[in-house]
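In the working numbering, the protein residues as written are 8 to 312.
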Amino acid sequence: MMKKAIIIVGPTAVGKTKLSIELAKVLNSEIISADSMQIYRGMDIGTAKVKENEKEGIKHHLIDVIDPDQNFSVNDFQEKAFTIIEHLNKKNIIPIIAGGTGLYINSLAYKLHFQKTKADTGIRKKWNKKAEQYGLSYVYDHLKKIDPDSAKRIDSRNAHRIIRAIEVYESSGRPMSTEYNKELSENDSYDFIMIGLNTDRETLYERINQRVDLMLEEGLIEETQQLIRRYDPNSHGFKAIGYREAIDYLYGKTTKDEMIHLIKRNSRRYAKRQLTWFRRDRRIIWFDLVKDYEHNYKKIENLIK
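Quick look at the structure:
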């Protein structure tokens, strides 16, 4: 019998966490987070981590794995997630994978084998120095020349990922995008039930704006202040939406109103990119739990049983 796993995807603020907990209670299951920013310890408010009192006794994996100044690759996620999935399957537990990081999801649902190019500190130092001398845009323009496909996938402000892509190219002689450009082959070792959550754009954007307001009420700025006392403000973890804008505000680069506007705008843009990514996967069955929770939840329950 093929091993089974449930995957829940969708844009930010659409209700993935709530559904994953409800299904975990029904199935007596455990949840694996597929969120590339919830892996960071101490970054709780800005990544909308599930609170202890909201978990309802359900065990969550791959949350609070590393510190904000440490690196965690897609390959790291893939290896750790499959170890947990295998462990749960041996106990006849159906794992629930929930999150909005598309590459994390693809690393499980498809046969992806990532290049394990060792870090080359010499190359990294060279390009970090160029970024300081000429600006990050200069380094990003270089990446566009040697690996345009990776450049399209990487945020032009994400120095760590830009330099890592150049490092892979210079170390191996192959673009990092080589693996991603292969025709995706489904991972047939598992029977993945893929559930997508979405709602209409106006409602989704309203929920995103409300979530940002709640994060600020809960102390996002104060959390960011505490974090940058302990870690370099340029640490990889602080590229997360919410933190990078809060850091700019704390350093006097923007006003508070500008910060709030930017967090909301960048969150909405991220949601749009998430939907573009997930809509390419025809296996995903879509539901709107915002507009009609009861009816669609029953349909999901029937799907997983």
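Even for Gly, the Cβ is constructed at its ideal location relative to N, Cα and C. Here the structure is a predicted model, which means the values were calculated and not measured.
6 angstroms Cβ shell around residue i - same chain, five flanking residues per side excluded
i      : result
Arg218 : Ala20
Tyr212 : Arg275
Asp288 : none
Tyr147 : Ser163, Ile169
His167 : His243
Leu34  : Ile101
Val72  : Ile46
DSSP bridge partner residues for residue i (one or two, in chain order)
i      : result
Asp198 : Lys11
Val16  : Gly203
Ile73  : Tyr47
Glu225 : Its beta-bridge partners do not exist; DSSP assigns none.
Glu193 : Tyr117
Nonlocal neighbours in the same chain, by C-beta distance under 7 angstroms from residue i, ignoring five residues either side
i      : result
Ser27  : Ile15, Ile38, Ile103, Ala105
Leu110 : Val81
Glu63  : Ile28, Lys32
Arg251 : Phe245
Leu227 : Ile52, Gly53, Gly249, Ala253
Leu296 : Gly22, Leu26, Leu204, Asn303, Tyr304
Lys118 : Ser192, Asn194
Gln232 : Leu257
Arg131 : Ile170, Glu174
For residue i, the three-state DSSP class (helix, strand or coil)
i      : result
Leu204 : strand
Ile101 : coil
Ser40  : strand
His67  : strand
Tyr258 : coil
Tyr238 : coil
Ile248 : coil
Ile307 : helix
Thr54  : coil
Asn35  : coil
Val21  : coil
Lys159 : helix
Cutoff 8 angstroms; reference residue i; Cβ partners in own chain excluding five residues on either side
i      : result
Leu95  : Ser36, Glu37, Ile101, Pro102
Val57  : Thr24, Ile28, His67, Ile70
Asp239 : Asp76
Lys306 : Phe294
Asp127 : Glu174, Glu177, Ser178
Tyr145 : Lys137, Ala138
Identity of the residue in the options nearest residue i by Cα
i      : options                        : result
Gly142 : Glu229, Ser192, Arg164         : Arg164
Pro75  : Arg237, Phe285, Arg171         : Arg237
Glu177 : His243, Glu265, Gly129         : Gly129
Asn216 : Gly203, Ile267, Asp239         : Ile267
Ser43  : Glu308, Ser114, Glu93, Glu59   : Ser114
Gly327 : Lys62, Arg280, Met9, Ile248    : The structure shown does not extend to residue 327, since the chain is modelled only from 8 to 312, so the question has no answer here.
Glu229 : Lys10, Gln45, Gly49, Ile91     : Gly49
Lys246 : Ile270, Gln233, Glu265         : Ile270
Lys279 : Glu209, Lys298, Gln45          : Glu209
Leu150 : Arg171, Glu265, Gly17          : Arg171
Leu204 : Gly107, Lys10, Ala88, Leu221   : Gly107
Gln45  : Lys305, Lys10, Phe84           : Phe84
Arg272 : Arg214, Met201, Arg181, Ile153 : Arg214
Ser196 : Gln233, Glu93, Tyr256, Trp134  : Glu93
Leu91  : Ser40, Tyr117, Asn135          : The amino acid at residue 91 is misidentified as Leu; the sequence shows Ile. The residue with the shortest Cα to Cα distance from Ile91 is Ser40.
Phe199 : Arg181, Arg290, Phe89, Pro18   : Arg290
Lys298 : Asp207, Ile65, Asn309, Arg160  : Asp207
Leu282 : Trp134, Tyr300, Ile202         : Ile202
Lys87  : Glu225, Asn241, Lys159, Ile112 : Ile112
Proximity test, residue i beta-carbon vs the ligand SAH heavy atom, cut-off 7 angstroms
i    : result
Met9 : The ligand content of the structure shown is nil, which means the ligand SAH is not present either.
C-beta neighbour in chain D for residue i, strict 8 angstroms
i      : result
Arg164 : Included in the structure is just one protein chain, with no chain D present.
What runs of the alpha helix (DSSP H), each 4 residues or longer, lie entirely inside the region 259-301?
-> Runs of the alpha helix (DSSP H) spanning 4 or more residues and lying entirely within the region 259-301 occur at 263-285, in chain order.
What are the start and end residues of each continuous alpha helix (DSSP H) run of 4 or more residues lying completely inside the region 163-187, in chain order?
-> Unbroken alpha helix (DSSP H) runs of no fewer than 4 residues, entirely contained in the region 163-187, are found at 166-179, following chain order.
Let me know the alpha helix (DSSP H) ranges lying completely inside the region 78-155, each 4 residues or longer, listed in chain order.
-> DSSP runs (the alpha helix (DSSP H)) wholly in the region 78-155: 81-97, 109-116, 128-141, 143-153.
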